[in-house]
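Chains as they are written, first to last, in my numbering: chain V, 1 to 351; chain F, 1001 to 1351.
This report concerns only the one structure given below.
There are 2 protein chains.
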Amino acid sequence: MKFEAVTIKDIAKALGLSTSTVSRALRDSYEISPETKQVVLDYAKQINYRPNPIALSLKEKRSRSIGVIVSEIANSFFSQIINGIESIAYSKGYNAIISQSMESYEREVISMDFLSSRSVDGFLLSVSTETHDFSHITELHDRGLPIVCFDRVVDAINTHKVIVDNFKGAYDATAHLAQNGYRRIAILGNSEYLSITKERLAGYKQALSDAKLPFDEELVKHCPHGGMIYKEVEQAMNELTALKHKPDAIFASADKLTTNFMRYCKARRLLIPADMGVIGFSNLDLTDLLSPPLSVVRQPAFEMGKIAAELLINMIESKRPVTEFENRILPTELIIRESSAKKQARKVKVG
Amino acid sequence: MKFEAVTIKDIAKALGLSTSTVSRALRDSYEISPETKQVVLDYAKQINYRPNPIALSLKEKRSRSIGVIVSEIANSFFSQIINGIESIAYSKGYNAIISQSMESYEREVISMDFLSSRSVDGFLLSVSTETHDFSHITELHDRGLPIVCFDRVVDAINTHKVIVDNFKGAYDATAHLAQNGYRRIAILGNSEYLSITKERLAGYKQALSDAKLPFDEELVKHCPHGGMIYKEVEQAMNELTALKHKPDAIFASADKLTTNFMRYCKARRLLIPADMGVIGFSNLDLTDLLSPPLSVVRQPAFEMGKIAAELLINMIESKRPVTEFENRILPTELIIRESSAKKQARKVKVG
DNA sequence: CAATTTTACGCAATCGATGCCAAGACGCTA
DNA sequence: TAGCGTCTTGGCATCGATTGCGTAAAATTG
């Protein structure tokens, strides 16, 4: 099946003009007489002419589309970011093409390869947990393709970066738990290779230190796929609960880590917060309806998407190569609910 | 900033051949000698030649990309559908371009307009709640653009359609509530104009009738934006709870209706299921962690996306116009948890 | 050895739109 | 009236890749 569109040639033929004249008339060129312009414009509107963007892309070597690589759109944090990106992209006439890596290095490489060969004008990138080798990214960057990193940032390339204050977010979360009487605070971390993991771990350590709590390596667990796989979280938690000196609270530093941690507690009949307090780093929009309602560090995801998209489009449209790069750091917000209630709090039945 | 790619001309110049020879060598044409082919292939690999898909699109009048219109990617149901679509699309060399209508008629029209002008080869479409006028769709369809409808189906066009058995899903949900002792079962429905709303309402009515319960028009509420706006749900619930003869259970026939219903109960301190039982039509992957765990009718969303994508790609690649259309109806699954427990069940505190 | 076929390649048109250059039709001035 | 500038418009190349057609050279045939 095919779909025939109206072209500039059809207009030219119908009006007995040349294609160049029609083209110029449509672009309101000064060299075309007002009468001709009017005739062309009227006819174009009448037959609903739409310029073929593919032909334009070929000619202008730009597609007015940007590639967006996230780990998973089903994740609220990323879907909010995408909404922010789209709000800017559409207003500037760009199309955002979204691709999910599903935390797979291979899928990330294939997607970026595919999109760059389809001539996206730039990338908005949050790398997968599995990505330790950045050559597919540096290669595109070296060839001059604009890339802006957000959330999970790549040090290997020098470009604009948009993140939240992960250190402070983690610090606030940990300090809050300490303040509410928790003494053995464990951290469920994402892949060790991610920038966000390192920053959040550092905030966690600083908060412990400031609260005069000892740092214990045993209480740090990493889940290579960011909690996407339940087994990973289960194993980490099994190890934590098997410790002689068990943790009494968990700082779960990603969405899926948090929800799978709660599944674990439910399965093992661990009571939150009585048996174990918890605070998540999460943008889920259902945290208020969970059992119990979840305390979280929330990120300004929509804002982050907007800023990243603006920076990228500026780079794309810049006449000269950009050499000064920004490092935007957005504030997080601490939202306190029942899951991190003071240790002496009444027990709440889980589930 | 720009990004220069290797072209077939570069290869031709470097090897002292014509572009036609290079093109044919790369496509393994029989009229090229094995030696020349080898030289071209080796050199192409060496300089990492990738054909320019934009040039191909222009020539072949197809872009190998399909447009996907959903109301919101942050909705689990739709993100699962998208995963299903992508799994098929990528395996067949297509790119899925996702667009969110956010339940807005205007955004739906703009997105479809934009994507069709960017030469998508077809559409996978689930209309917005606001869409009552289908002329933007029929127009594209009449011009020969392949469209497959899923979930929210448009009667105005004759094409493949993929849905779940909404009648049976709603019937099962309602019958389950009736069986558990609820006698005044209300339905929170989506926009009246949607196919799914009508089908689910019909299933609800039939189940009431089979359970010898009276149908009461007062217990049917429609939320024009599918519960996306809290106020809508709040108003519907206010009306229901103001009735002389209040409902004792709710069948919430969409994701957002369900979660905003639960917010409402929490705010008004209504206990679920003691004050009001509830079952949702939902693909949320957190229903087990809610307070209380939520009973749901679940749809095979991933499967639905796969089937819709397969049907669309078949249409796109069909040599002759397709005139026989399929109407696939997938089964739903009833998952029973605490929110619809028998009426005499122990009270569970909300929140 | 001449005639014919086969092999292997190049030329040029094509897709839709743009933009440089040329050219025809004017009017105006010297 | 020749010469010049101005105003409109058309012709053609271009972007990257494909493909029908033409053809020189090599191979085959009688």
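For glycine and all other residues, C-beta sits at the position ideal for the given N, C-alpha and C.
Since the model is a prediction, treat every value here as computed from it, not as a measurement.
Coarse secondary structure for residue i, derived from DSSP in three states
i: residue 1337 of chain F; result: coil
i: residue 361 of chain V; result: For residue 361 of chain V there is no data in the structure shown, the boundaries of chain V being 1 and 351.
i: residue 246 of chain V; result: coil
i: residue 65 of chain V; result: strand
i: residue 388 of chain V; result: Beyond the ends of chain V as shown, which are 1 and 351, falls residue 388 of chain V; an answer cannot be given.
i: residue 221 of chain V; result: strand
i: residue 1254 of chain F; result: coil
i: residue 1078 of chain F; result: helix
i: residue 1322 of chain F; result: coil
i: residue 215 of chain V; result: coil
i: residue 1330 of chain F; result: strand
i: residue 352 of chain V; result: No statement about residue 352 of chain V is possible, as the shown extent of chain V runs from 1 to 351 and does not include it.
i: residue 1186 of chain F; result: strand
i: residue 201 of chain V; result: helix
Nonlocal neighbours in the same chain, by C-beta distance under 6 Å from residue i, ignoring five residues either side
i: residue 1145 of chain F; result: none
i: residue 1122 of chain F; result: 1066, 1146, 1312 and 1316
i: residue 1141 of chain F; result: 1147 and 1157
i: residue 1228 of chain F; result: 1103 and 1256
i: residue 1166 of chain F; result: 1196, 1199 and 1200
i: residue 347 of chain V; result: In this prediction, residue 347 of chain V scores a pLDDT of 47, lower than 50, which makes its location untrustworthy; the coordinate-derived value is nonetheless stated afterwards. Cβ within range, chain order: 271 and 274.
Length of the line joining the Cα atoms of residue i and residue j
i: residue 306 of chain V; j: residue 84 of chain V; result: 5 Å
i: residue 1108 of chain F; j: residue 1249 of chain F; result: 34 Å
i: residue 8 of chain V; j: residue 89 of chain V; result: 27 Å
i: residue 1258 of chain F; j: residue 1281 of chain F; result: 8 Å
i: residue 136 of chain V; j: residue 285 of chain V; result: 34 Å
i: residue 1026 of chain F; j: residue 1063 of chain F; result: 20 Å
i: residue 1222 of chain F; j: residue 1188 of chain F; result: 6 Å
i: residue 1164 of chain F; j: residue 1254 of chain F; result: 13 Å
i: residue 1245 of chain F; j: residue 1214 of chain F; result: 13 Å
i: residue 1134 of chain F; j: residue 1157 of chain F; result: 9 Å
i: residue 1299 of chain F; j: residue 1191 of chain F; result: 19 Å
i: residue 1204 of chain F; j: residue 1056 of chain F; result: 51 Å
i: residue 169 of chain V; j: residue 331 of chain V; result: 8 Å
i: residue 1061 of chain F; j: residue 1119 of chain F; result: 8 Å
i: residue 40 of chain V; j: residue 34 of chain V; result: 10 Å
i: residue 1111 of chain F; j: residue 184 of chain V; result: 51 Å
i: residue 1045 of chain F; j: residue 1051 of chain F; result: 12 Å
i: residue 1327 of chain F; j: residue 1208 of chain F; result: 27 Å
i: residue 1160 of chain F; j: residue 1324 of chain F; result: 8 Å
i: residue 49 of chain V; j: residue 16 of chain V; result: 17 Å
i: residue 58 of chain V; j: residue 1059 of chain F; result: 11 Å
i: residue 1333 of chain F; j: residue 1283 of chain F; result: 10 Å
i: residue 1216 of chain F; j: residue 1182 of chain F; result: 14 Å
i: residue 36 of chain V; j: residue 93 of chain V; result: 28 Å
Top-ranked residue by Cα proximity to residue i, from the options
i: residue 1272 of chain F; options: F/1343, F/1317 and F/1320; result: F/1343
i: residue 1238 of chain F; options: F/1256, F/1255, F/1260 and F/1228; result: F/1260
i: residue 1263 of chain F; options: F/1245, F/1243 and F/1292; result: F/1292
i: residue 1226 of chain F; options: F/1020, F/1143 and F/1193; result: F/1193
i: residue 957 of chain F; options: F/1269, F/1207 and F/1091; result: Examination of residue 957 of chain F is not possible in this model, given that chain F is present from 1001 through 1351 alone.
i: residue 1341 of chain F; options: F/1028, F/1176, F/1093 and F/1172; result: F/1176
i: residue 1043 of chain F; options: F/1076, F/1006 and F/1269; result: F/1006
i: residue 335 of chain V; options: V/172, V/322 and V/101; result: V/172
i: residue 54 of chain V; options: F/1022, F/1117, F/1219 and F/1014; result: F/1117
i: residue 1202 of chain F; options: F/1231, F/1251 and F/1337; result: F/1251
i: residue 1103 of chain F; options: F/1087, F/1078 and F/1129; result: F/1129
i: residue 1277 of chain F; options: F/1179, F/1322, F/1154 and F/1329; result: F/1179
i: residue 1241 of chain F; options: F/1139, F/1270, F/1274 and F/1152; result: F/1270
i: residue 1139 of chain F; options: F/1318, F/1113, F/1153 and F/1150; result: F/1113
i: residue 1106 of chain F; options: F/1290, F/1127, F/1319 and F/1308; result: F/1127
i: residue 337 of chain V; options: V/288, V/77 and V/181; result: V/288
i: residue 1143 of chain F; options: V/318, V/87 and V/47; result: V/47
i: residue 302 of chain V; options: V/294, V/87 and V/115; result: V/87
Contacting residues, own chain, Cβ-Cβ under 7 Å from residue i (five flanking each side not counted)
i: residue 1031 of chain F; result: 1024
i: residue 1236 of chain F; result: 1188, 1221 and 1223
i: residue 132 of chain V; result: 193
i: residue 1019 of chain F; result: 1008, 1009 and 1012
i: residue 1075 of chain F; result: 1255
Contacts around residue i, its chain only, beta-carbon distance under 8 Å, and the 5 residues preceding and following it disregarded
i: residue 1082 of chain F; result: 1068, 1070, 1073, 1096, 1098 and 1305
Inset, instruction - Would you list, in sequence order, the uninterrupted alpha helix (DSSP H) runs of no fewer than 4 residues that lie entirely inside the segment 96–181 of chain V? - result: 105–117, 135–142 and 166–179
Legend entry - Every unbroken alpha helix (DSSP H) inside the segment 22–55 of chain V [4 residues or more]: 34–46
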